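Add 133 to the 1-based position in the sequence shown for this note's numbering, that's all there is to it.
Built from N, CA and C at the ideal position, the CB exists for glycine as well.
Quantities reported herein were computed from a predicted structural model and do not represent experimental measurements.
Structure first, commentary second.
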Amino acid sequence: MEYNDNSLSEVHESVDTTKTKGKFRKLFAFLGPAYLVSVGYMDPGNWATDIAGGSKYGYALIWVLLMSNLMAILLQSLSARLGIVRGRDLAQASRETYSKPINISLYFLAEIAIASCDLAEVLGMAIGLQLLFDIPLMWGVCITVLDTFLLLFLINYGIRRMEAFILGLVSIIGMAFLAEMILAKPSLAEISTGFIPSLPDESALYIAIAIIGATVMPHNLYLHSSLVQTRKFKRNPVEIRKAIRYNMFDSVIALNLAFFVNAAILILAASTFFKNGMYEVSEIQDAHNFLAPLLGSEFAPKLFAIALIAAGQSSTITGTLAGQIVMEGYLKLRIAPWIRRLLTRLLAIVPALIAIYYFGEAATGKLLILSQVILSLQLGFAVIPLIHFVSDKSKMKEFVIPMYVKVVSWLVAGTIVGLNVKLVIGQISTWLTTSENPLIIGLIVIPLIIAAGLLLLYITFRPLFKHKEKEVTPVHPIISSIKPELIQPYKRIAIAVDFSTSDHFNISNALAQGGKTADYVLIHIVESAGALFMKNEIRDYEFMTDVSNLNNYADELNATGYSVTIKIGYGNPKKSIPALVKEYNADLLVMGAHGHKGLKDFIFGTTVDAVRHGIDIPLLIVRK
């Protein structure tokens, strides 16, 4: 398969901002990428960590949310800058900088992060379906496979419509929690105390790290650096600077909205569960069940479940895009989006089903929090390369980040890595003292941790030393000359007709290929149920009408000097057309594109795509 090196090539520079006049209109044209990113900051994994933090520690961890949000705004702005200035996403920039073994390692870590994120989305969607429709959790997890193709439908209609769809889901989440907050009536004075940094105990550190992992997601850094490239603008310093500024506005607005949602969830948990002495509410299901009696409204839990489904559905779309970016960027490997989506889903569904089967539905909360801790552990491997890339003056030129931004960025990276190191050391110590098989920990877990640590040290310090610039292999070989082969004119041309208004256009294009020296055959497939079983014995009204139309076509063309015959096929056109083409021994097939989009393509499939795999001659696809 030919590889297109543009990030998200199907929507690359698909939003043209060059013709937009006025500052407000210009800003509006750039708004959107950060909203796709922001849904990852309010996915079901966030809910689990926010509920756990609010129920156990009240308002004490609100400052962690605020700090995480500020980190997110900074890092996402760096990611956007990379995509705008260099026209590369984070994965592509890594591929062009590091060696193959390093890139393979970073790729697998990124895939682990995406799978962890998708696990949270799967569980969140399943829990939402259970809460709203009383569907068993196991079945709910399996049902989440069905959203695999939603991205395909949305991407068909362009990135702006996808952004509008996501914004609609985000609005549902925001309005749902606004209503929940009105019902909960939290104390503003008590909320303000939560902005004073504190960690009540060791368990609070675990939840704080989970909140950071749930808020600042590694896959979002890959995603944002790609999404900003969907905007087409003039590649001059003035317009690049404007694009950076507009995308900063986009990030601030969208991520502050995500902060509002996360803060609302934590405040809701604090003002209901913590306030009533319910300190161990960490399961989303429990939170849902307790809301009605605590808030005195049956409407509250329904809003909660609807928002949960919207959060899971929106974040699963962006996770798919991130997976595509990571795979294409690191490996130059592009597979069908539905395969990519299905693989990602299965990586999440299998552990979810295993955990539910062995540990019961009560384990979902712990699994959600664990997934966010894993995300946090992956952060350093995305953040550190990103800081290096946007600090590289040779690549970023005048758009390199200022020194103060660089210092703050490294402080953020150091904080994230430091907290994770503390967590890992503490967790391993616990495992070694409590595990029944400490030898397994020593032989498997510790070597993996050491390997990850060495990788982190390498990507941190390697760019600081002068080294030979890695030669970037061109996507396509450089061709100095071309020697066209002499192709004989087409002599036997097959034309597929369906008696639609486009037939005349398809036939005209076919006649232009061979003129009056070629022989033509008009092919039509009778698709009635009777034709499927009776084949050439069919004599129903549809068959007789189709034969009459074909003969009329042929008679008119023959009268003008063309040599035209007809052939009738029966049943499935995807099989019948290639068979008739081979029977006629055609050297060219001309077909019209049906123009289906989205759902129609999914339901009916594309005849053209199936036919091209069934023939070994050139195919001319005509679309009016």
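Test item: CB-CB of residue i and residue j under 8 Å
i           : j           : result
residue 173 : residue 350 : yes
residue 396 : residue 195 : yes
residue 240 : residue 464 : yes
residue 381 : residue 171 : no
residue 476 : residue 208 : no
residue 622 : residue 647 : yes
residue 166 : residue 363 : yes
Same chain, Cβ closer than 6 Å to residue i, five either side skipped, listed in chain order
i           : result
residue 661 : 675
residue 714 : 627, 722 and 748
residue 242 : 511 and 514
residue 162 : 150 and 153
residue 591 : none
residue 184 : 402 and 420
For residue j and residue i, the rounded distance between their alpha carbons
i           : j           : result
residue 386 : residue 367 : 25 Å
residue 189 : residue 344 : 14 Å
residue 690 : residue 641 : 11 Å
residue 151 : residue 372 : 9 Å
residue 259 : residue 192 : 28 Å
residue 168 : residue 310 : 18 Å
residue 149 : residue 293 : 11 Å
residue 226 : residue 155 : 33 Å
residue 510 : residue 550 : 8 Å
residue 743 : residue 634 : 23 Å
residue 203 : residue 312 : 26 Å
residue 249 : residue 159 : 37 Å
residue 244 : residue 297 : 27 Å
residue 680 : residue 670 : 13 Å
residue 490 : residue 235 : 37 Å
residue 708 : residue 516 : 51 Å
residue 443 : residue 176 : 9 Å
residue 315 : residue 308 : 11 Å
residue 581 : residue 705 : 54 Å
residue 143 : residue 221 : 15 Å
residue 431 : residue 449 : 28 Å
residue 136 : residue 710 : Per-residue confidence for residue 136 stands at a pLDDT of 47, beneath the threshold of 50, marking its modelled position as unreliable; no derived number is given.
residue 379 : residue 488 : 44 Å
residue 645 : residue 678 : 28 Å
residue 230 : residue 237 : 13 Å
residue 746 : residue 263 : 43 Å
residue 304 : residue 482 : 27 Å
Selection from the options that minimises the alpha carbon distance to residue i
i           : options               : result
residue 325 : 400, 751, 363 and 258 : 400
residue 627 : 228, 180 and 717      : 717
residue 374 : 215, 587 and 487      : 215
residue 117 : 275, 235, 635 and 231 : Lying before the first or after the last residue shown, residue 117 is absent from the chain, which here runs from 134 to 757.
residue 267 : 203, 229, 438 and 515 : 438
residue 96  : 712, 138, 711 and 741 : The chain is shown only over 134 to 757; residue 96 falls outside these bounds and no answer can be derived.
residue 199 : 307, 484 and 391      : 391
residue 179 : 483, 306 and 632      : 306
residue 322 : 404, 752 and 334      : 404
residue 146 : 217, 263, 646 and 645 : 217
residue 692 : 649, 719 and 678      : 649
residue 302 : 750, 672 and 446      : 446
residue 318 : 408, 340 and 379      : 408
residue 413 : 238, 378 and 187      : 187
residue 523 : 652, 424, 219 and 547 : 219
residue 596 : 753, 521, 165 and 340 : 521
residue 139 : 537, 411 and 358      : 358
residue 685 : 232, 632 and 712      : 632
Neighbourhood of residue i by C-beta, 8 Å cutoff - its chain only, sequence neighbours within 5 removed
i           : result
residue 435 : 265
residue 683 : 630, 655, 657, 699 and 701
residue 526 : 533
residue 615 : none
residue 333 : 190 and 193
residue 365 : 146, 147, 148, 149, 150 and 151
residue 750 : 714, 719, 720, 721 and 722
residue 561 : 574, 578, 579 and 582
7 Å CB neighbourhood of residue i in its chain, flanking five on each side removed
i           : result
residue 205 : 174, 348, 349 and 388
residue 486 : 271 and 274
residue 733 : Residue confidence is low: residue 733 scores 40 on pLDDT, short of 50, so the model does not pin down where it sits. No coordinate-derived value is stated.
residue 697 : 653, 655, 687, 690 and 691
residue 484 : 252
residue 394 : 175, 306, 307 and 310
Cβ of residue i within 8 Å of any chain D Cβ
i           : result
residue 258 : Looking at the structure shown, chain D is missing, and only one protein chain is on hand.
Next on the checklist: Runs of 4 residues minimum, wholly inside the region 294 to 328: which ones carry the alpha helix (DSSP H) assignment?
Outcome noted: 321 to 326
Checklist entry - At what residue ranges does the region 652 to 695 contain a whole run of the alpha helix (DSSP H), taking only runs of 4 or more? => result 662 to 667 and 674 to 692
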